[in-house]
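One structure is given below, encoded as structure tokens.
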Amino acid sequence: MINQKLLVSGTDYFNNTAHINPYYTNDVIDQAKAAQEHALLVSCFKQAGIEVIEVPPPTDCQDGVYTANWAIVHNGTAILSNLPSVRKPEQPYAKQVLENLGLACIDPTAPHLFSGQGDSLICGNRLFAGSGYRSTPEAQKIVADAFGLELIQLHALPKLNDTGSPFWNAATNNYDSFFYDLDLALAVIDENTIAYCPEAFDDPSRRKLADLDIDKILVDREEAVTGFACNLVSTGQTVIMSAHAPKLQAELQKRGLATLTPEITELKKGGGYIRCVSLILS
151 MINQKLLVSG TDYFNNTAHI NPYYTNDVID QAKAAQEHAL LVSCFKQAGI
201 EVIEVPPPTD CQDGVYTANW AIVHNGTAIL SNLPSVRKPE QPYAKQVLEN
251 LGLACIDPTA PHLFSGQGDS LICGNRLFAG SGYRSTPEAQ KIVADAFGLE
301 LIQLHALPKL NDTGSPFWNA ATNNYDSFFY DLDLALAVID ENTIAYCPEA
351 FDDPSRRKLA DLDIDKILVD REEAVTGFAC NLVSTGQTVI MSAHAPKLQA
401 ELQKRGLATL TPEITELKKG GGYIRCVSLI LS
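With the working numbering as the guide, the letters of the sequence shown map in order to residues 151 to 432.
Here you go:
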């Protein structure tokens with residue numbers, strides 16, 4: 151099994167004040183429903199045999215529920231994130247939580263942006279890494295070298311404005327994408343299997359992924375963007391995934407994997423989903 155222990159926080163301060171990705175709008179967020187969804191996800195994780203560690207969310211942090219962006223953890227070491235300015239208040243809290251769990255915490259990526267597990271997915275001896283929006287290639291190389299992993303550096307396509315140019319997001323002071331974090335475009339199913347949306351990536355990244363000697367499941371763009379299909383947690387036996395990705399679900403079940411499909415509506419209004427609310431610890 152993979153992904154046997156994870157960390158979650160809570161929805162206490164979840165809101166849409168800062169539109170830091172394309173999924174944030176002015177739509178009202180139902181706080182009570184968001185809390186119910188989060189509790190349902192925790193229940194699904196436990197049903198899949200995953201150990202869940204729960205901590206309070208950082209005070210007054212709208213995105214504090216998305217623990218995946220706090221760090222990336224491997225073999226007892228946490229490489230801490232360097233988040234956009236609106237999320238920086240989460241960082242000292244995340245460090246304290248991870249240190250309290252007995253992890254060795256290091257912070258080697260500054261001044262480079264680094265989005266933690268949201269943009270860095272370990273699959274066997276490979277590190278699938280996103281860049282261009284929430285992480286830089288320099289930060290991802292530091293992580294891969296620190297963990298002794300083969301770096302598979304990828305770049306997702308940007309969101310475009312009305313003129314066809316890449317959209318600049320003033321809330322993050324960077325370009326934006328519907329795949330701003332890699333975990334919206336690619337998922338690790340087991341140590342030798344990934345699921346990914348080819349249409350999410352630029353041509354060099356598509357070629358790089360196609361050439362990899364690894365088992366691959368292709369996800370269509372509609373399920374990836376509307377259904378958040380790739381934003382899942384897999385133990386290698388059970389996959390906790392979107393209730394709105396029937397094609398991917400059928401492919402996983404055909405391979406003998408069990409699936410759990412909780413209904414998520416409020417948490418996705420922040421551009422986060424099942425993987426985003428869970429930081430894998432081991």
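All C-beta atoms, glycine included, are put in the ideal place defined by N, C-alpha and C.
| Check | Outcome |
| --- | --- |
| Buried versus exposed, by CB contacts within 10 Å (16 or more), Leu310 | exposed |
| Per-residue burial, Pro207 [other beta carbons within 10 Å of its own, 16 or more giving buried] | buried |
| Residue from Leu407, Thr161, Ser355 with nearest C-alpha to Glu187 | Thr161 |
| Distance between beta carbons of Ser384 and Lys155, contact taken as under 8 Å | The pair is not a contact, with the Cβ atoms about 14 Å apart (cut-off 8 Å). |
| Distance between Lys291 and Glu300 (C-alpha atoms, nearest Å) | 9 Å |
| Closer than 7 Å to chain E by CB, Val215 | Absent here is chain E; the protein component of the structure consists of one chain. |
| Identity of the residue in Glu349, Pro258, Leu359, Leu429 nearest Gln303 by Cα | Leu359 |
| 8 Å contact criterion, which Val413 and Ala393 should meet: CB distance rounded | It should be noted that the sequence gives Glu, not Val, for residue 413. Right, the Cβ-Cβ distance comes to about 5 Å (below 8 Å), so this counts as a contact. |
| Cβ distance (whole Å) where Asp370 is taken to contact Asp269 below 8 Å | With a Cβ gap of about 22 Å, Asp370 and Asp269 do not count as contacting. |
| Classification of Pro261 by the beta-carbon crowding that lies within 10 angstroms, buried from 16 upward | exposed |
| DSSP state of Leu262 mapped onto helix, strand, coil | Before going on, a small fix: residue 262 reads as His here, not Leu. In this structure, His262 counts as coil in the three-state DSSP scheme. |
| 7 Å Cβ cutoff met for Ala218 and Cys426 | yes |
| Among Leu429, Ser428, Ile424, Leu417, the one whose alpha carbon lies nearest that of Thr175 | Leu417 |
| Closest Cα partner of Gly420 within the set Ser159, Gly214, Cys194, Ile200 | Gly214 |
| Assumed close pair Ile256, Leu230 - CB separation to whole angstroms, cut-off 8 Å | 7 Å |
| Range covered by the beta strand (DSSP E) that runs through Glu204 | 201-204 |
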